[in-house]
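Structure (structure tokens):
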């Protein structure tokens, strides 16, 4: 039988948290220049017609940067919401349900965003 202190000390010693902790910081750092680029670009497109926006998205550099932003933001969101779920939901079955659900949700949104960017990038000039 373990004492309460021994049980508490044993929690979280798997070393898996380091990976998530590191990638939350990496995605946060990656998001800074990508979001700044997006804000500056959108400010430059203020008042521009719809076709100009489509041409902007269809530019290879802009399309690649938008896709990188989507990947970074959604992965950051997955890791952040996973942290919240793991910390505040204590029922194992419900926790697993929420973790699977949030991953599927963010994956579906990310795929939809990337598909939309690629569709605009490849068909805007046609």
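Numbering (the working numbering), first residue to last: 65 to 190.
No residue lacks a Cβ here, since even glycine has one placed at the ideal position from N, Cα and C.
Treat the numbers as computed from the prediction; the structure is a model and nothing was measured.
Are the CB atoms of residue 88 and residue 127 nearer to each other than 8 Å? no
Who are the near neighbours of residue 116 in its chain, counting only those whose CB is closer than 8 Å to its CB and skipping five residues on each side? 109
Where the alpha helix (DSSP H) containing residue 109 begins and where it ends: Segment: none, residue 109 is in no alpha helix (DSSP H) and carries neither H nor E.
Can you tell me the Cα-Cα spacing of residue 147 and residue 141, whole angstroms? 10 Å
On the DSSP letters alone, give me the boundaries of the alpha helix (DSSP H) that residue 140 sits inside. 124–152
CB-CB length for residue 188 against residue 122, believed under 8 Å: 4 Å
Could you please give the first and the last residue of the uninterrupted alpha helix (DSSP H) stretch that includes residue 188? Note, residue 188: premise wrong, no alpha helix (DSSP H); not H, not E.
Where does residue 155 sit, in a helix, a strand or coil, going by DSSP? coil
Going by C-alpha to C-alpha distance, which of 165, 144, 160 and 156 sits closest to residue 59? Any answer about residue 59 is impossible in this case: the structure gives the chain only from 65 up to 190.
Taking its Cβ as the centre, do 16 or more other Cβ atoms sit within 10 Å of residue 134, making it buried, or is it exposed? Buried, because 16 or more other Cβ atoms sit within 10 Å of the Cβ of residue 134.
C-beta contact flag for residue 101 and residue 118 at 8 Å: no
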